[in-house]
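Participant:
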Amino acid sequence: MKPNKSSNPSSGIDKLSLESLLREWGILKFAWQMAERYHLPLFVVMVLEILIGILPALAIYLFQDAVSGAGHDILSLVTKENFIYIILFLFVYLLLQKGISIITTYAIIDVEYNIRMRYLSKIIALSIEDISKNLDSRSAFSMTRETSMTSGLIPMVYRSFLQAPVAIVSAIILLLVISPRMLAVVTVMMVVIVSISLLLRSRLKQFHREQFDATSSLLQYFNEWLSGHRIFQVYGAEGFYQQKMTSAFDQIADVSRRHKLYSTAQSILVEILTYVAVILFIVFLADGHGSIYIGIVISFPAMILLIRGEILKLVGGYQQLANTESSISRLQLVLQMPEPTDTGFEWNEQITAVDLRDLSYAYDAQAPILSHANLQLAQGRLNVLTGPNGTGKSTTINLILGLFRPQEGAVLYNGKDIRDYTTATLLSQFAIVEQEPFVFQGTLLDNITLGRDINEDTIRRYLHDFALDYLMNDNGDLSLKIGAKGRALSSGEKQRLALIRALAGSPSVIILDEPTSNIDYASSALIHSVMHNLSAHHLVICVSHDPAITADNDANTFHIEHGNYLQRHAL
793 MKPNKSSNPS
803 SGIDKLSLES
813 LLREWGILKF
823 AWQMAERYHL
833 PLFVVMVLEI
843 LIGILPALAI
853 YLFQDAVSGA
863 GHDILSLVTK
873 ENFIYIILFL
883 FVYLLLQKGI
893 SIITTYAIID
903 VEYNIRMRYL
913 SKIIALSIED
923 ISKNLDSRSA
933 FSMTRETSMT
943 SGLIPMVYRS
953 FLQAPVAIVS
963 AIILLLVISP
973 RMLAVVTVMM
983 VVIVSISLLL
993 RSRLKQFHRE
1003 QFDATSSLLQ
1013 YFNEWLSGHR
1023 IFQVYGAEGF
1033 YQQKMTSAFD
1043 QIADVSRRHK
1053 LYSTAQSILV
1063 EILTYVAVIL
1073 FIVFLADGHG
1083 SIYIGIVISF
1093 PAMILLIRGE
1103 ILKLVGGYQQ
1113 LANTESSISR
1123 LQLVLQMPEP
1133 TDTGFEWNEQ
1143 ITAVDLRDLS
1153 YAYDAQAPIL
1163 SHANLQLAQG
1173 RLNVLTGPNG
1183 TGKSTTINLI
1193 LGLFRPQEGA
1203 VLYNGKDIRD
1213 YTTATLLSQF
1223 AIVEQEPFVF
1233 QGTLLDNITL
1243 GRDINEDTIR
1253 RYLHDFALDY
1263 LMNDNGDLSL
1273 KIGAKGRALS
1283 SGEKQRLALI
1293 RALAGSPSVI
1303 ILDEPTSNID
1313 YASSALIHSV
1323 MHNLSAHHLV
1333 ICVSHDPAIT
1343 ADNDANTFHI
1353 EHGNYLQRHA
1363 L
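So the mapping is simple: the working numbering equals the position in the sequence shown, first residue as 1, plus 792.
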């Protein structure tokens, strides 16, 4: 038997390493493309950070004789003049270092913002089929966590794989010429840094809470949009919720900036106190016995801090690159999806008839949900679709709306193939009432209009007709605050509110999905009566399992069976 080459452990490892390198290179390339206009300033910033981190301490150590002569007793160096020089040096050093850090962080925040806005624009433009196949509630993290990871990869390339190695090697070379006695200083520095960091950490909790609250709002808006995306597309109101999510993005960016300014101030305090502790430690350690150079006093702790920071950057950079692979792959999946095109003629007439002709559709090619189905729906009588769960009723609705495209057959409005017309103008003729009415956190007016230009008097009239006028103030004000998912409203109230939303836009076709489920008898009877009244001047389609509706002799009822529809009552 011939040996299997893939069974060789070493060859398998080499192949795996090569694949890993290629994937990581792909991630870096993607991140690079996301922030191409920031490369020059970030490169200049990284070079300056290397120079600021190494050259000052090196210069002081090499030219210390010009500053204070040869060796000196430590107490003789503690003069007012030398103390002023040290304070000025530390101030300028920290000011430049932290100023560059703020510039870099602001650039990263802008990169995150731009990526998130691209992501938001992309998902808003996706078709219902693409949303169903590729997005779920976890996709919200692609606008927060994944975009933060992607933007963080840009400076990481410079900091971890260029700046860190150069800075570490330079600092170690400098430390090799410094007395081993000073190694004790390292312990003091680490103790001071850890102690102060623990004391100041609690002061940053407020910003973490604000960041969490802002992110939670964004996730809430995204999940609300995800659950109501069909509503928004039908009513042409995608921009309404895009504005809400854009506002959340703005809030997150603002909190991030303020958090960075505060944490930078705390970091400066930590480092100043660290240097003071080191100097005081050296003073008490020497206690007038022996001599020490001012170059050692400054350059040694500076190099130790530099080495500590650069090692963390190097190790963290590689871990960050390895940990971002799966996250950024999800982000790439959305950003690289082709945007759907909406071309064709504009629809400009009332829809009075819908015809599904020899139509087939399958999520799985082996098990089609609809197979050469035929269905004729017309204005004048209530049209009811019924059948067991999972047999294709919701799919039929999406096909009627033009949100799904049939794999075989055609959907006709007034005898015209809808593929010849733009989806946006077709959807302007529709209204839909979901089984679980979509209600979001906002005002009563916003929940009805979804950002559309609708006369408020029309809304007040419908509120009165549907016995919901108590939701208005005495003066007819529509600013009542409704909680997330309409927690304060009953199922019947939410259902009637959804009906008002549907009617307020004067549609040609009204689709109701299980409108009487989970509501009281009075509300169910009211909705049943309204559907019959609307059928005289609108094409009304109702999906229902309610016996009071499916057995209605005044309705055209169609039962789905074996992927096709059977009419139970003739026109």
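Note that the Cβ used here is the ideal one computed from N, Cα and C, for glycine as well.
Can you name the start and end residues of the beta strand (DSSP E) that ILE1224 belongs to?
Facilitator: As a position in the sequence shown, residue 1224 is number 432, starting the count at 1. Run containing ILE1224: 1222-1225, per the beta strand (DSSP E) assignment.
Participant: Please return the same chain residues whose Cβ sits closer than 7 Å to the Cβ of THR1217, not counting the five positions on each side in sequence.
Facilitator: Along the sequence shown, one-based indexing puts residue 1217 at 425. For THR1217, where only same-chain residues beyond five positions count, the Cβ hits under 7 Å are GLU1138, TRP1139.
Participant: Classify GLU1353 as helix, strand or coil using the three-state DSSP reduction.
Facilitator: Working through the sequence shown from its first residue, we reach residue 1353 at position 561. Three-state DSSP puts GLU1353 in a strand.
Participant: Distance check for ASN1265 and GLY1278, CA to CA, integer angstroms please.
Facilitator: Along the sequence shown, read from residue 1 onward, the residue named residue 1278 stands at position 486. Along the sequence shown, read from residue 1 onward, the residue named residue 1265 stands at position 473. So the two alpha carbons sit approximately 18 Å from each other.
Participant: Mapping DSSP to helix, strand and coil, what is LEU1326?
Facilitator: In the sequence shown, the residue the question calls residue 1326 occupies position 534. Three-state DSSP puts LEU1326 in a helix.
Participant: Which term fits HIS831, buried or exposed, when burial requires 16 or more other beta carbons within 10 angstroms of its beta carbon?
Facilitator: Here the question's residue 831 lines up with position 39 in the sequence shown. Exposed, by the Cβ-count rule.
Participant: State yes or no: is the C-beta of LEU1191 within less than 8 Å of the C-beta of LEU1151?
Facilitator: On the sequence shown, position 399 is the one that residue 1191 refers to. On the sequence shown, position 359 is the one that residue 1151 refers to. A contact, by the Cβ cut-off of 8 Å.
Participant: If I'm right that LEU1300 touches LEU1331 with Cβ under 8 Å, what's the distance once you round it to whole angstroms?
Facilitator: The residue labelled residue 1300 in the question sits at position 508 within the sequence shown. The residue labelled residue 1331 in the question sits at position 539 within the sequence shown. Contrary to the premise, residue 1300 reads as Ser rather than Leu in this sequence. Between LEU1331 and SER1300 the Cβ distance is about 6 Å, and since that is below 8 Å, they are a contact.
Participant: Pick out whichever of GLY1207, ILE916, ILE960, LEU882 has its Cα sitting closest to the Cα of GLN1034.
Facilitator: One-based indexing of the sequence shown puts residue 1034 at position 242. Checked all of GLY1207, ILE916, ILE960, LEU882; the closest Cα to GLN1034 is ILE916.
Participant: What are the start and end residues of the alpha helix (DSSP H) that includes ASN1166?
Facilitator: Locating residue 1166 in the sequence shown gives position 374, where the first residue counts as 1. It is not in any alpha helix (DSSP H) - ASN1166 instead sits in the beta strand (DSSP E) that spans 1162-1170.
Participant: Figure out for me which residue from ILE1352, VAL839, GLY1179, ARG1049 has the closest Cα to the Cα of HIS1164.
Facilitator: Within the sequence shown, numbered from 1, the residue matching residue 1164 stands at position 372. That would be ILE1352, whose Cα lies nearest to the Cα of HIS1164.
Participant: The beta strand (DSSP E) with ASP1156 in it runs from where to where?
Facilitator: Counting from one through the sequence shown, the residue named residue 1156 turns up at place 364. Per DSSP, ASP1156 belongs to no beta strand (DSSP E) and is neither H nor E.
Participant: For ASP1344, is the classification buried or exposed, using 16 other Cβ atoms within 10 angstroms of its Cβ as the cut-off for buried?
Facilitator: Residue numbering aside, residue 1344 sits at position 552 when the sequence shown is read from its first letter. Flag for ASP1344 reads buried.
Participant: Have a look at SER1008 and LYS872 and give me their C-alpha separation to the nearest angstrom.
Facilitator: What you label residue 1008 is simply residue 216 of the sequence shown in a count that begins at 1. What you label residue 872 is simply residue 80 of the sequence shown in a count that begins at 1. Answer to the nearest angstrom: the Cα atoms are 53 Å apart.
Participant: Does DSSP put GLN1359 in a helix, a strand or coil?
Facilitator: Taking the sequence shown and counting its residues from 1, one reaches residue 1359 at position 567. Correct three-state label for GLN1359: strand.
Participant: Under 8 Å between the Cβ atoms of TYR1027 and GLY1234?
Facilitator: For the purposes of this step, residue 1027 is identified with residue 235 of the sequence shown, where counting begins at 1. For the purposes of this step, residue 1234 is identified with residue 442 of the sequence shown, where counting begins at 1. Taking 8 Å as the Cβ cut-off, TYR1027 and GLY1234 do not qualify as a contacting pair.
Participant: Given ILE1292, which residues of its chain have a CB within under 8 Å of its CB, disregarding the five upstream and five downstream residues?
Facilitator: Here residue 1292 refers to the residue found at position 500 of the sequence shown. Result list for ILE1292: ILE1240, ILE1251, TYR1254, LEU1255, PHE1258, LEU1260, in chain order.
Participant: For ALA1259, does the three-state DSSP call read helix, strand or coil?
Facilitator: Residue 1259 sits at position 467 when you count from the first residue of the sequence shown. Reduced to three states, the DSSP call for ALA1259 is coil.
Participant: Less than 8 Å separating the beta-carbons of HIS1324 and ASP1346?
Facilitator: Translated into positions along the sequence shown, residue 1324 becomes position 532. Translated into positions along the sequence shown, residue 1346 becomes position 554. Against a cut-off of 8 Å, the Cβ pair of ASP1346 and HIS1324 comes out as a contact.
Participant: With distances taken between CB atoms, is the gap from PHE1032 to GLY1268 smaller than 8 Å?
Facilitator: What you label residue 1032 is simply residue 240 of the sequence shown in a count that begins at 1. What you label residue 1268 is simply residue 476 of the sequence shown in a count that begins at 1. Their beta carbons are not under 8 Å apart, which means PHE1032 does not touch GLY1268 by this criterion.
Participant: Only counting the same chain, and skipping five residues up and downstream in sequence, which positions put a Cβ closer than 6 Å to that of ILE1044?
Facilitator: Along the sequence shown, one-based indexing puts residue 1044 at 252. Counting only Cβ-Cβ distances below 6 Å, and skipping sequence neighbours, we find ALA1006.
Participant: Under 8 Å by Cβ, that's how I've got ALA1040 and LEU1010 pegged, so tell me the actual separation to the nearest angstrom.
Facilitator: For the purposes of this step, residue 1040 is identified with residue 248 of the sequence shown, where counting begins at 1. For the purposes of this step, residue 1010 is identified with residue 218 of the sequence shown, where counting begins at 1. For ALA1040 against LEU1010, the beta-carbon gap comes to about 4 Å, under 8 Å, which counts as contact.
Participant: Name the DSSP beta bridge partners of PHE822, please?
Facilitator: The residue you call residue 822 lines up with position 30 of the sequence shown. Answer by DSSP bridge pairing: none, since PHE822 is not bridged.
Participant: Quick one: grab the DSSP three-state call for LEU1077.
Facilitator: Position 285 of the sequence shown, counted from the first residue, corresponds to residue 1077. Reliability fails at LEU1077, whose pLDDT of 49 lies under 50, so the model's placement of it is uncertain and the value that follows must be treated cautiously. In the structure shown, LEU1077 sits in a helix (DSSP, three-state: H, G or I).
Participant: Could you check if ARG829 is buried or exposed, using at least 16 other CB atoms within 10 Å of its CB as the buried criterion?
Facilitator: Counted from its first residue, the sequence shown places residue 829 at position 37. Result: exposed.
Participant: Going by DSSP, what residues sit across from PHE1137 in a beta bridge?
Facilitator: For the purposes of this step, residue 1137 is taken as the residue at position 345 of the sequence shown. DSSP lists TYR1213 as partners of PHE1137.
Participant: Which first and last residues belong to the beta strand (DSSP E) in which THR1178 is found?
Facilitator: By 1-based counting over the sequence shown, the position of residue 1178 is 386. That run of the beta strand (DSSP E) goes 1174-1178.
Participant: Of the choices PHE1350, ASP1134, GLN1287, whose alpha-carbon is the least far from that of ILE1319?
Facilitator: Position 527 of the sequence shown, counted from the start, is the residue given in the question as residue 1319. It is GLN1287.
Participant: Quick one, are the C-beta atoms of ILE895 and ARG1049 less than 8 Å apart?
Facilitator: Mapped onto the sequence shown, residue 895 falls at position 103. Mapped onto the sequence shown, residue 1049 falls at position 257. No. Outside cutoff.
Participant: Could you check what DSSP says for GLY1207 in three-state terms: helix, strand or coil?
Facilitator: Translated into the one-based positions of the sequence shown, residue 1207 becomes position 415. Three-state result, GLY1207: coil.
Participant: Please report the straight-line C-alpha distance between LEU880 and ARG815, rounded to a whole angstrom.
Facilitator: Taking the sequence shown and counting its residues from 1, the one referred to as residue 880 is at position 88. Taking the sequence shown and counting its residues from 1, the one referred to as residue 815 is at position 23. Spanning the two alpha carbons is a distance of roughly 47 Å.
Participant: Quick one: what's got a C-beta closer than 6 Å to PRO1229's C-beta in the same chain, skipping five residues either side?
Facilitator: Here the question's residue 1229 lines up with position 437 in the sequence shown. Closer than 6 Å at the Cβ level, and outside the excluded window around PRO1229, lie LYS1286, GLN1287, ALA1290.
Participant: By how many angstroms is the C-alpha of TYR1155 removed from the C-alpha of HIS1354?
Facilitator: As a working mapping, residue 1354 is identified with position 562 in the sequence shown. As a working mapping, residue 1155 is identified with position 363 in the sequence shown. Rounded to the nearest angstrom, the two C-alpha atoms are 16 Å apart.
Participant: Spatial neighbours of GLY1020 within its chain, please: CB distance less than 6 Å, with the 5 preceding and 5 following residues excluded, ordered by chain position.
Facilitator: Counted from its first residue, the sequence shown places residue 1020 at position 228. Correct list, in chain order: PHE1230.
Participant: Helix, strand or coil: which one does DSSP assign to GLU873?
Facilitator: In the sequence shown, the residue the question calls residue 873 occupies position 81. GLU873 falls in the helix class under three-state DSSP.
Participant: With H, G and I counted as helix, E and B as strand and the rest as coil, what does DSSP make of GLU841?
Facilitator: Position 49 of the sequence shown, counted from the first residue, corresponds to residue 841. Three-state result, GLU841: helix.
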